[in-house]
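**Q** Provided herewith is a single structure, encoded as structure tokens, for subsequent inquiry.
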Amino acid sequence: MKAYRNAPDWRNLARAARNEWVPRVPLYEHIVGAKVIYEITGNRPYEGMFSPHLAESREAFQQYWDFWRRMGYDTASMEFSFCEILPGRGALGEHKEGAIKTREDFERYPWEELPERFFARYAPYIRAFSQAAPQGMMAVGGVGNGVFESVQDIVGYMDLCFIREDDPELYAGLFQRMGEAQCAVWKRFMEEFAEAFCVLRFGDDLGFHTATLLPHDDIRAHILPVYRQITDMVHAKGKPFLLHSCGNLFAMFDDIIALANIDAKHSNEDSIAPFPVWAEKYGDRIGNFGGIDTDVLCRFDESYIRKYVFDCLDAVKGRGGIAFSSGNSIPDYVPTAGYLAMIEAVRDWRGDPLEG
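Per the UniProt record's numbering, residue 1 is the first one in the sequence shown, and the count goes up by one each step.
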């Protein structure tokens with residue numbers, strides 16, 4: 001990869017999140033996998049981030065920030081997972097049995113303990129991460145996992161659908177109690193840790209290839225009001241909010257913008273709609289983060305990726321706030337060469353100077 005001169009400025013991404021066109025289009029990424037970071041830098045920051053020895057944690061976070069700076073980002077992405085602290089978790093990501101199947105399970109669940117569990121787990125690491133930020137950089141992120149993913153992680157998607165039919169009151173109660181816990185965590189997070197973040201976000205995948213995972217009325221009734229409470233807290237601190245949500249959301253995306261009051265959105269997949277479609281539809285209302293389908297990074301060569309990136313950036317130029325990234329994330333199965341081809345193409349398109 002070419003050696004570029006790095007001069008990060010977090011304001012670039014914050015402006016894009018507020019739907020301002022930034023000629024030096026900021027790079028963004030939801031997650032970059034451990035393998036890719038290691039193959040580029042020789043470091044394994046994820047292994048030490050949450051070490052019981054804070055000196056190791058600080059070193060890992062320093063390595064993490066250095067990676068983002070080296071790649072030409074103005075920010076580093078970091079969420080502290082809410083799902084990770086949930087007792088009985090794992091139904092969403094690990095295919096475990098859900099912890100809540102009945103009204104009795106719901107009543108026994110330690111809802112009131114969740115905020116304290118979160119900060120007991122993460123507070124020292126949030127501070128260590130924040131203190132490691134290089135000059136000119138800030139973070140994008142916050143409390144990871146939205147209310148829908150969190151409910152799924154202790155119930156399971158299929159069981160949640162059964163509960164919806166069998167016990168509508170319990171179904172509503174799950175979102176209510178989880179939402180209350182999340183809002184309590186976000187309130188304290190914004191009071192104590194917001195200073196290090198220029199854009200706040202969480203990920204909550206509401207859809208799949210053809211539709212949303214729940215009926216639209218359910219999303220309006222049980223999910224978007226929780227989002228709105230969180231975005232109100234974020235806006236009260238003068239910060240923009242970015243929603244990462246996968247799936248075909250077009251049928252209700254106007255409601256997501258209006259009811260949740262998000263400032264920007266990330267995630268796109270070409271088989272649903274290429275990134276320029278999102279920018280065309282919503283570029284007059286919110287910032288759009290995304291770009292190249294992750295599948296393209298996996299299956300195509302560097303020259304194809306470069307042309308794809310240039311064509312995409314040309315198509316979205318001037319269409320409100322744009323930050324360029326993969327359409328989803330950079331998991332370990334993405335070839336490092338494909339990722340680097342994307343980075344180099346963006347930096348060349350926006351005219352980053354070379355070293356020397």
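The C-beta atom is built at its ideal place from N, Cα and C for all residues, glycine as well.
On a predicted model such as this, the values are computed, not experimentally measured, just so you know.
1. Which runs of the beta strand (DSSP E) at least 3 residues long sit entirely within the region 187-270? Give them in chain order.
2. Looking at the strands, I want to know which residues DSSP matches up with L174.
3. Compare the beta carbon distance of I154 and I223 with 8 Å and say whether it is the shorter of the two.
4. Starting from I322, trace the beta strand (DSSP E) in both directions and tell me its first and last residue.
5. Rounded to whole angstroms, what is the Cα-Cα separation between I126 and Y46?
6. Quick one: Cα of L174 to Cα of R18, how far?
7. By the three-class DSSP mapping on this structure, what secondary structure does I292 have?
8. Using 10 angstroms around the beta-carbon of Y333, count the other beta-carbons present and answer buried if the total reaches 16, otherwise exposed.
9. Can you round the beta-carbon distance between Y73 and L354 to whole angstroms, since I take them to be within the 8 Å contact cut?
10. Using a threshold of 8 Å, state whether the C-beta atoms of A279 and G247 are closer than that.
11. Report the option in L27, R69, H30, M233 whose CA atom is closest to the CA atom of T41.
12. In terms of residue numbering, what span does the alpha helix (DSSP H) encompassing V334 cover?
13. What is the rounded straight-line gap between the Cα of E226 and the Cα of L259?
14. Exposed or buried, what is A55 when buried is set at 16 or more other beta-carbons lying within 10 Å of its beta-carbon?
15. Counting Cβ pairs closer than 8 Å, one from the region 157-166 and one from the region 29-43, do we hit at least three?
16. Within a Cβ cutoff of 8 Å, which residues of the same chain sit near P115, ignoring the five residues on either side of it in sequence?
17. In whole angstroms, what separates the C-alpha of A337 from that of F253?
18. From the DSSP output, which residues share a beta bridge with I37?
19. Excluding the five sequence neighbours on either side, which residues of its own chain have a C-beta within less than 7 Å of the C-beta of R89, listed in chain order?
20. Is M78 helix, strand or coil by DSSP?
**A** In short:
1. 197-203, 241-244, 264-266
2. Counting from 1 along the sequence shown, the entry for residue 174 is found at position 174. Looking at the DSSP assignment, L174 forms no beta bridge with any residue, so it has no partner.
3. One-based indexing of the sequence shown puts residue 154 at position 154. One-based indexing of the sequence shown puts residue 223 at position 223. Against a cut-off of 8 Å, the Cβ pair of I223 and I154 comes out as no contact.
4. By 1-based counting over the sequence shown, the position of residue 322 is 322. Segment 322-326, the beta strand (DSSP E) holding I322.
5. In the sequence shown, counting from the first residue as 1, residue 126 sits at position 126. In the sequence shown, counting from the first residue as 1, residue 46 sits at position 46. Roughly 14 Å between the two C-alpha positions.
6. As a first step, residue 174 must be located in the sequence shown, where it is residue number 174. As a first step, residue 18 must be located in the sequence shown, where it is residue number 18. If I take the Cα positions, the gap works out to 32 Å.
7. What you label residue 292 is simply residue 292 of the sequence shown in a count that begins at 1. Of the three classes helix, strand and coil, the one that applies to I292 here is strand, per DSSP.
8. Within the sequence shown, numbered from 1, the residue matching residue 333 stands at position 333. Answer is exposed; the Cβ neighbour count stays below 16.
9. As a first step, residue 73 must be located in the sequence shown, where it is residue number 73. As a first step, residue 354 must be located in the sequence shown, where it is residue number 354. Rounded, the Cβ-Cβ distance is 17 Å, inconsistent with contact.
10. Mapped onto the sequence shown, residue 279 falls at position 279. Mapped onto the sequence shown, residue 247 falls at position 247. For A279 and G247, no; Cβs fall outside 8 Å.
11. Taking the first residue of the sequence shown as position 1, residue 41 is located at position 41. Measuring C-alpha to C-alpha distances from T41 to each of L27, R69, H30, M233 identifies R69 as the nearest.
12. Position 334 of the sequence shown, counted from the start, is the residue given in the question as residue 334. Taken as a continuous stretch (DSSP letters only), V334 belongs to no alpha helix (DSSP H), as it is neither H nor E.
13. Numbered from its first residue, the sequence shown carries residue 226 at position 226. Numbered from its first residue, the sequence shown carries residue 259 at position 259. The residue asked about is misnamed: residue 226 is Val in this sequence, not Glu. Approximately 10 Å, taken between the alpha carbons.
14. Your numbering for residue 55 matches position 55 in the sequence shown. Classification of A55: exposed, given that the 10 Å Cβ count is below 16.
15. no
16. What you label residue 115 is simply residue 115 of the sequence shown in a count that begins at 1. The answer, listed in chain order, is A181, A184, V185, R188.
17. Numbered from 1 along the sequence shown, position 337 holds the residue referred to as residue 337. Numbered from 1 along the sequence shown, position 253 holds the residue referred to as residue 253. Distance between the alpha carbons of A337 and F253 is about 34 Å.
18. Numbered from 1 along the sequence shown, position 37 holds the residue referred to as residue 37. None; I37 has no bridge partner.
19. Counting from 1 along the sequence shown, the entry for residue 89 is found at position 89. Here the set comprises C83, D153, I154.
20. In the sequence shown, counting from the first residue as 1, residue 78 sits at position 78. Residue state, collapsed to three classes: strand.
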